[in-house]
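Residue numbers for the sequence shown, in the working numbering: 39 to 477.
So the structure is just underneath, and the comments pick up after that.
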Amino acid sequence: MENKKSKSLRILVIGSGGREHALVRKLAASPLTEKIFVAPGNGGTAGLAENVAIAADDIEGLAGFARENGIDLVVPGPEAPLTLGVTDVMRQAGIICFGPDKYCAALEGSKIFAKEIMRAANTPTAACRVFDNVDDAREYAAKADRPLAIKADGLAGGKGVIVARDRDEAARAIDEIMSSGKFGEAAKKILIEEKLEGEEVSLLFFCDGKVAVPLPSAQDHKRVYDGDLGPNTGGMGAYSPAPCLPDEEADAVADLVARPVLAELERRGHPFRGVLYAGLMLTADGPKVLEYNVRFGDPECQPLLARLESDLVSHMLACVNGTLGEEKIVFSPKTALGVVLAAEGYPDNYPKNLKIEGLDDAADEGVAIYHSGTKYENGELASSGGRVLCATALGDDLQDARNRAYRALEKIKMPHSHFRKDIGAKGLDRLRREKKKGS
Numbered sequence: 039m040e041n042k043k044s045k046s047l048r049i050l051v052i053g054s055g056g057r058e059h060a061l062v063r064k065l066a067a068s069p070l071t072e073k074i075f076v077a078p079g080n081g082g083t084a085g086l087a088e089n090v091a092i093a094a095d096d097i098e099g100l101a102g103f104a105r106e107n108g109i110d111l112v113v114p115g116p117e118a119p120l121t122l123g124v125t126d127v128m129r130q131a132g133i134i135c136f137g138p139d140k141y142c143a144a145l146e147g148s149k150i151f152a153k154e155i156m157r158a159a160n161t162p163t164a165a166c167r168v169f170d171n172v173d174d175a176r177e178y179a180a181k182a183d184r185p186l187a188i189k190a191d192g193l194a195g196g197k198g199v200i201v202a203r204d205r206d207e208a209a210r211a212i213d214e215i216m217s218s219g220k221f222g223e224a225a226k227k228i229l230i231e232e233k234l235e236g237e238e239v240s241l242l243f244f245c246d247g248k249v250a251v252p253l254p255s256a257q258d259h260k261r262v263y264d265g266d267l268g269p270n271t272g273g274m275g276a277y278s279p280a281p282c283l284p285d286e287e288a289d290a291v292a293d294l295v296a297r298p299v300l301a302e303l304e305r306r307g308h309p310f311r312g313v314l315y316a317g318l319m320l321t322a323d324g325p326k327v328l329e330y331n332v333r334f335g336d337p338e339c340q341p342l343l344a345r346l347e348s349d350l351v352s353h354m355l356a357c358v359n360g361t362l363g364e365e366k367i368v369f370s371p372k373t374a375l376g377v378v379l380a381a382e383g384y385p386d387n388y389p390k391n392l393k394i395e396g397l398d399d400a401a402d403e404g405v406a407i408y409h410s411g412t413k414y415e416n417g418e419l420a421s422s423g424g425r426v427l428c429a430t431a432l433g434d435d436l437q438d439a440r441n442r443a444y445r446a447l448e449k450i451k452m453p454h455s456h457f458r459k460d461i462g463a464k465g466l467d468r469l470r471r472e473k474k475k476g477s
């Protein structure tokens, strides 16, 4: 690929969430950036870039815009454009795209494909069975003598996984995923796998096809309510680093869960370039892969980028150009934590057009308020989605970051809203236990 570090870049970011707002903010800080467009963007990105009314899954529309507007670098945020082949289309047009091709993006687009790659790469993961028939799946689950995880094969917005503690719950989960129709084509096939026990953690990697460089660990909170109760969401908060996976252990984990996968994909003629996200369970037998994503997570992206001190544009170009080994990637030793403000009823039915106030009061040193589902109408900010904002704070340690984020959230006013009060509590508990153990 052509090295474009010597010129100012016109960048197109694809997506409309808090992740994209965080990406835009970090990209805008690079001396390599000339102008940023966001398709379709949100109320927050409008203050840093030019929003354009093109849907994230309109691949031809995005490609046409990129050609007509002299775009040098495309940065897809969500999974949909990647699994639809946006990288392939942009590269055919001679435009650099930070993300894997359609073949590699199937790591996220199909859990069955991901399992196939993991088996070939000898990557540790849960044993599983694949079903395309409801009756066969029910019959298998009825004989299970342990908790099971029922997963839709395709993309389901982070909500197509149900953990069943017993046979009755497994039967209901199979019906909900395969028979309800709410997951569409994503649920034509399902995986039933053993439920892994341990602590969950996220580890992301910059990848250039051969080299995988781990970012600091992060811990997401998927359930909608405190105590990890309620249905799965796209994520209610995250922090980095996660005490359960210290920085000094990340490289060894990369040897288990990232580098073998890159080698297998390269062997197949599809080098993986972009961000590989490994959702891990730290079991008694070591880390095992729960799932792969092929982009930054949301909300993990917000605290991770809050800690990134080096140039994100430079790192992205290195991933695409195969020069990642030459990059010096620097993260702050501080801790970052983000808490999502959501509309009541999320992730199911929730109100929109809720007026949002207090953002200026919430802004503080070390605190950023990232917009997820927001819009400006008649000069006023209002909600347009279920996850609305993410208050992200950088602190000296986990407690400090947590205090700062929650202080900011308390100053934001939005009716019919809620947020989890326990983001970071699991990490603090671990730190207390470790301190007690060492004293």
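Glycine residues also receive a C-beta, built at the ideal position from the N, C-alpha and C atoms.
Rounded to whole angstroms, how far is the Cβ of Arg311 from the Cβ of Pro138, which I believe are closer than 8 Å?
Contact flag correct, Cβ pair sits at about 6 Å.
Three-state secondary structure (DSSP) of Met274:
coil
Secondary structure of Pro252, DSSP reduced to three states
strand
If we count Cβ pairs, one from each stretch, closer than 8 Å, do we get three or more for the stretch 170-183 versus the stretch 146-156?
no
Rounded to whole angstroms, what's the CA-CA distance from Ser68 to Leu346? Just pull it up for me.
12 Å
Phe310 by DSSP, collapsed to three states: which one?
Under the three-state reduction of DSSP, Phe310 is assigned to coil, being neither helix nor strand.
Which whole-angstrom value describes the C-beta separation of Ser421 and Leu397, a residue pair presumed to lie in contact below a C-beta threshold of 8 Å?
With a Cβ gap of about 13 Å, Ser421 and Leu397 do not count as contacting.
So, using beta-carbon positions, are Val199 and Gly275 closer together than 8 Å?
no
How many angstroms separate the CA atom of Lys45 from the CA atom of Gly85?
24 Å
Along the chain, which unbroken stretches of the alpha helix (DSSP H) at least 4 residues long are found entirely within the stretch 67-131?
97-106, 117-121, 124-130
Measure the CB-CB distance between Pro119 and Val327 and report whether it falls below 8 Å.
No; because the gap between Cβ atoms is not below 8 Å, this pair is not in contact.
Same chain, Cβ closer than 6 Å to Ile450, neighbours up to 5 away in sequence not counted
Gly396, Ala400
Quick one: give me the first and last residue of the alpha helix (DSSP H) that Asn441 is part of.
That run of the alpha helix (DSSP H) goes 436-448.
Suppose you measure from the CA of Asp438 to the CA of Ala60; what does that come to, to the nearest Å?
21 Å
At least 3 beta-carbon pairs within less than 8 Å: the stretch 285-293 vs the stretch 108-115:
no
Selected residue, minimal CA-CA separation from Lys140, among Ala94, Glu154, Thr83, Val124:
Val124
In the DSSP assignment, find the unbroken alpha helix (DSSP H) run with Ile394 in it and report its ends.
Premise fails: Ile394 is in no alpha helix (DSSP H) and is neither H nor E.
Leu375 and Gly317 look like a contact to me (Cβ under 8 Å); what is the Cβ gap, rounded to whole Å?
The Cβ separation is near 19 Å, so there is no contact.
Roughly how many angstroms separate the alpha carbons of Cys166 and Ala159, rounded to a whole number?
16 Å
Is there a C-beta anywhere in chain C that falls below 8 Å from the one on Ser455?
Considering every chain present, this structure includes no chain C. It has just one protein chain.
Measure the alpha-carbon distance for Tyr384 versus Val51 and round it to whole angstroms.
26 Å
Cβ-based neighbour list, Thr121, same chain, cut-off 6 Å, excluding 5 preceding and 5 following
Ala143, Gly147
Quick one, are the C-beta atoms of Gly268 and Asp258 less than 8 Å apart?
no
Proximal residues to Ala190 (C-beta, below 7 Å), its chain only, five neighbours per side dropped:
Gly198, Ile215, Phe221, Ala224, Ala225, Ile228
Return the chain-ordered ranges of every beta strand (DSSP E) run that is complete within the stretch 123-176 and spans a minimum of 3 residues.
166-169
Who are the Cβ neighbours of Ala299 in its own chain at under 8 Å, not counting the five residues just before and after it?
It is Val, not Ala, that sits at residue 299 in the sequence shown. Only Leu145, Ile155, Met156, Ala159, Thr161, Phe310, Leu314, Tyr330 meet the Cβ criterion.
Exposed or buried, what is Lys153 when buried is set at 16 or more other beta-carbons lying within 10 Å of its beta-carbon?
buried
Please confirm whether Ala381 and Ile407 have their CB atoms less than 8 Å apart.
no
Would you identify the three-state DSSP class for Met319, choosing helix, strand or coil?
Looking at Met319 - three-state DSSP - the assignment turns out to be strand.
Please return the same chain residues whose Cβ sits closer than 6 Å to the Cβ of Asp349, not counting the five positions on each side in sequence.
Ser68
Does the stretch 350-359 come into contact with the stretch 439-447, if we say contact requires no fewer than three beta-carbon pairs (one atom in each stretch) closer than 8 Å?
Judged by Cβ distances under 8 Å, the stretch 350-359 makes no contact with the stretch 439-447, as fewer than three pairs qualify.
Which runs of the alpha helix (DSSP H) spanning at least 4 residues fall entirely within the stretch 185-255, listed in chain order?
The stretch 185-255 is shown to contain whole alpha helix (DSSP H) runs of 4 or more residues at 205-216, in chain order.
Run through DSSP, which three-state label would Ser410 get?
In this structure, Ser410 counts as coil in the three-state DSSP scheme.
Do you know whose CA, among Thr321, Met319, Lys260, lies nearest Gly196's CA?
Lys260
Consult DSSP for Lys473 and reduce its assignment to one of helix, strand or coil.
helix
When you compare only the Cα positions, how much space is there between Met39 and Ile97?
Only weak support is given to the placement of Met39: the predicted model assigns it a pLDDT of 44, under 50, and the value that follows is read from those uncertain coordinates. Going from the Cα of Met39 to the Cα of Ile97 covers about 22 Å.
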